[in-house]
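Quick mapping for you: the protein sequence lines, in order, are chains H and P.
In terms of my numbering, the first sequence opens at residue 1 and continues consecutively.
In terms of my numbering, the second sequence opens at residue 161 and continues consecutively.
Positions of the beta carbon are idealized from the N, C-alpha and C atoms, including for glycine.
Computed from a predicted model, the values in this text were never measured in an experiment.
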Amino acid sequence: MSEQTSPTPKNSRIGLAVATGIVVLLIILAVVKFSGKEDDIATTPETITPTTNEQTTTTRTYKDGTYTATGAYTSPGGPETIVISLTLKGGVVTDATAQPQAEQPISKKMQQAFSQNFKGMIVGKNINEVTLDKVSGSSLTPKGFNDAVEQIKTQAAISA
Amino acid sequence: MSTQYTFEAIGTHWQIDIKDAITKEQSGELYEQIIKRIALFDAHYSRFRADSLVSTIARAPGSYQLPDDAEPMLSLYHKLYRMTDGRFTPLIGQALSDAGYDAHYSLKEKKLSPPPPWDEALIYNYPTLITQLPVLLDVGAAGKGYLIDIVGELLEHAGIRNYTVDAGGDMRHRTTAHMPLRVGLENPADTTQVIGIVDLQNQSLCGSAGNRRQWGNFHHILDPRSLTSPTHIAALWAVADTTLLADALSTCLFFVPPETLLKHYAFEYLILQSDFTVIMSPHFPARLFTVK
């Protein structure tokens with residue numbers, strides 16, 4: 001029953017992870033570009049390399065390291081800033097944090113919510129790679145339930 | 161010296177670990193008490209048993225005397241019913257059954273009707289419950305957590321201070337030695353994996369996900385308004401002082417934002433959304449594995 005009960009195929013998760021990585025990178029680049037605080041930003045040499053992706057014709061490579069940038073914007077309550085740090089290794093974002101700096105209560109709340117969600121993509125680790133006392137998730141199903149699912153599948157196969 | 165009981169009951173797997181030293185005789189007596197207590201709970205609240213109180217209530221409207229243990233659970237249901245605008249409701253039994261999650265696990269969908277509003281169906285004044293309509297009650301969204309607490313309290317009554325009661329991954333932990341329990345959070349997309357580790361200490365942890373108990377268009381949580389199973393959340397976990405509360409909140413969080421519930425209850429939460437992004441309370445006691 002594995003193929004029917006798995007809600008998220010692995011490939012699409014990997015795809016999402018990559019997509020999110022790119023989105024995060026684009027956000028960071030936008031912040032870096034518009035922050036205007038050159039001193040805070042570690043600048044990197046840009047090189048143009050060919051790419052296999054049909055939709056883009058150029059890509060940039062970046063030096064390994066942690067980059068920090070301050071993003072400034074105007075909220076309805078006045079100007080606000082947020083500090084974003086990200087660690088690059090081999091062109092891949094390996095860590096990212098957002099530090100809320102907001103002063104207006106509403107902005108504060110929104111930045112906190114953003115920084116909580118910012119880390120983004122969650123990945124699984126094989127159970128045998130970690131030391132655990134227990135595992136918690138969806139409750140193991142009763143035998144009767146699984147039997148019923150199997151019976152329905154068998155019936156469906158016969159009538160098909 | 162530790163003691164472990166494992167058994168199947170109320171449709172799930174139980175594992176009870178006792179870290180205090182107890183005699184073999186004590187161990188046998190305790191096990192018997194636990195099994196009897198769970199059987200009594202099942203006889204009251206199972207909608208899958210024709211002889212249960214819940215099945216009796218379903219046969220005819222009327223005035224019923226509730227068992228001694230009903231008050232904490234039903235009062236919590238009543239409060240959360242109001243806080244969630246009627247979406248957390250024990251009146252969901254008939255709709256769940258019609259969706260196919262019935263006594264025979266037919267898993268065949270019939271025409272679904274929304275559950276009646278609480279005030280039209282029930283007059284709850286513990287220890288009396290008056291049903292004004294024929295109602296199939298379902299306490300599945302809090303009953304297991306509550307039963308875990310009942311079993312934990314039974315152990316504490318016998319002088320045990322260091323233990324874990326785990327029923328299908330929902331659990332209550334107690335220690336006097338500051339020894340947290342390391343609990344892996346199952347990856348709903350791949351049950352051979354975990355997405356993080358919780359250090360649970362003197363609290364309860366309950367999880368809910370749509371990847372098991374899934375059939376047709378449904379899983380075990382049904383939104384009484386849309387009569388569909390929510391798909392925006394892949395899995396979520398709640399940590400609270402009691403398993404009753406953690407269990408109930410882990411269903412409520414499918415329907416209302418955490419802030420609504422935090423106004424009334426102390427708890428920590430982790431919501432794994434269906435796109436695998438996470439919403440987590442600041443003090444949820446977990447380390448998560450993120451994209452590297």
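Query - Boundaries (first-last residue) of the beta strand (DSSP E) holding TYR165 of chain P - result: 163 to 169
**Report entry** Pairwise C-alpha distance: VAL438 of chain P and ILE106 of chain H
**Finding:** 21 Å
Query raised in the report: Applying the criterion that 16 or more other CB atoms from any shown protein chain within 10 Å of the CB defines a buried residue, is HIS380 of chain P buried or exposed?
Result: buried
Requested in this report: Determine, using beta carbons only, whether ARG321 of chain P comes closer than 8 Å to chain H.
Outcome: no
Query raised in the report: ARG334 of chain P: buried (16+ other C-beta within 10 angstroms of its C-beta) or exposed?
Result: buried
Query raised in the report: Out of curiosity, what's the CA-to-CA distance linking PHE449 of chain P and VAL123 of chain H?
Result: 6 Å
Query raised in the report: What is the residue span of the beta strand (DSSP E) that HIS173 of chain P lies within?
Result: 172 to 178
Requested in this report: May I ask you to report which of helix, strand or coil DSSP gives ASP102 of chain P?
Outcome: Chain P is shown from 161 up to 452; residue 102 of chain P falls before or after that span and cannot be answered.
Query raised in the report: How long is the line joining the alpha carbons of ILE290 of chain P and PRO274 of chain P, rounded to whole angstroms?
Result: 20 Å
Query raised in the report: Does the distance from the C-beta atom of ASP407 of chain P to that of ASP330 of chain P stay below 8 Å?
Result: yes
Query raised in the report: What distance in whole Å lies between the Cβ atoms of LEU360 of chain P and LEU341 of chain P, which are believed to be in contact at a cut-off of 8 Å?
Result: 5 Å
Query raised in the report: Does the Cβ-Cβ distance between GLU168 of chain P and VAL135 of chain H come in under 8 Å?
Result: no
Query raised in the report: Going straight from the alpha carbon of GLY300 of chain P to that of ILE194 of chain P, what length do you get?
Result: 20 Å
Query raised in the report: Which same chain residues, not among the five before or five after GLY344 of chain P, have their C-beta less than 7 Å away from its C-beta?
Result: VAL354, ILE357
Query - Three-way DSSP call (helix, strand, coil) for ARG247 of chain P in this model - result: coil
**Report entry** Spatially closest choice to ALA302 of chain P from P:GLU269, P:ALA337, P:LEU240, P:PRO277, by CA coordinates
**Finding:** P:LEU240
Report task. Select from P:ILE320, P:ASP326, P:PRO287 the residue whose C-alpha is nearest the C-alpha of ILE308 of chain P. Result -> P:ASP326
Report task. Note down, in chain order, every chain H residue with its Cβ under 7 Å from the Cβ of THR388 of chain P. Result -> Under the 7 Å cutoff, chain H gives no residues; its nearest Cβ is about 14 Å from THR388 of chain P.
Requested in this report: Just list the beta strand (DSSP E) runs in the segment 202 to 265 of chain P, keeping only unbroken ones of 3 residues or longer that don't cross its boundaries, in chain order.
Outcome: 222 to 225
Query raised in the report: Looking at chain H, which residues of the segment 433 to 446 of chain P have a Cβ within less than 8 Å of any of its Cβ atoms?
Result: SER434, ASP435, PHE436, THR437, VAL438, ILE439, MET440, PRO442
Report task. Would you please verify whether the beta carbon of GLY65 of chain H is less than 8 Å from any beta carbon of chain P? Result -> no
Query raised in the report: Would ILE84 of chain H count as contacting chain P if we go by Cβ distances under 8 Å?
Result: no
Query raised in the report: Just reading off the alpha helix (DSSP H) that TYR306 of chain P is part of, what are its end residues?
Result: 303 to 317
Query raised in the report: Considering only the beta carbon of each residue, do LEU457 of chain P and SER441 of chain P sit closer than 8 Å?
Result: With chain P running from 161 to 452 in the structure shown, residue 457 of chain P is simply not present.
Requested in this report: Quick one: grab the DSSP three-state call for ILE198 of chain P.
Outcome: helix
Requested in this report: Return the residue from the list P:ARG209, P:PRO417, P:PRO348, P:ILE170 that minimises the CA-CA distance to SER126 of chain H.
Outcome: Correcting the residue identity first, residue 126 of chain H is Asn in this sequence and not Ser. With distances taken between Cα atoms, ASN126 of chain H lies closest to P:PRO348.
Query raised in the report: Roughly how many angstroms lie between the CA atoms of LEU413 of chain P and ALA446 of chain P, to the nearest whole one?
Result: 18 Å
Query raised in the report: Which class does GLN104 of chain H belong to by DSSP, given the choice of helix, strand or coil?
Result: coil
Report task. Only counting runs of 3 or more residues, tell me where the beta strand (DSSP E) segments fall wholly within the segment 352 to 422 of chain P, in order along the chain. Result -> 364 to 369, 393 to 400
Query raised in the report: Mind checking whether ARG332 of chain P and GLY319 of chain P have CB atoms under 8 Å apart?
Result: no
Query raised in the report: Can you name, in chain order, every residue of its own chain whose Cβ lies under 8 Å from the Cβ of PRO276 of chain P, other than the five neighbours on each side?
Result: LEU251, LEU293, VAL295
Query raised in the report: Where are the alpha helix (DSSP H) runs, 4 residues long or more, that stay fully inside the segment 263 to 292 of chain P, in chain order?
Result: 278 to 281
Query raised in the report: Which first and last residues belong to the beta strand (DSSP E) in which GLY344 of chain P is found?
Result: 341 to 347
Report task. Less than 8 Å between the CB atoms is what I'm expecting for ILE310 of chain P and ARG197 of chain P, so what's the real figure, rounded? Result -> 6 Å
**Report entry** Inter-residue Cα distance where the pair is TYR237 of chain P and LEU365 of chain P
**Finding:** 19 Å
Requested in this report: Note down, in chain order, each residue of its chain lying with its Cβ closer than 6 Å to the Cβ of TYR224 of chain P, except the 5 sequence neighbours on either side.
Outcome: ILE217, LEU289
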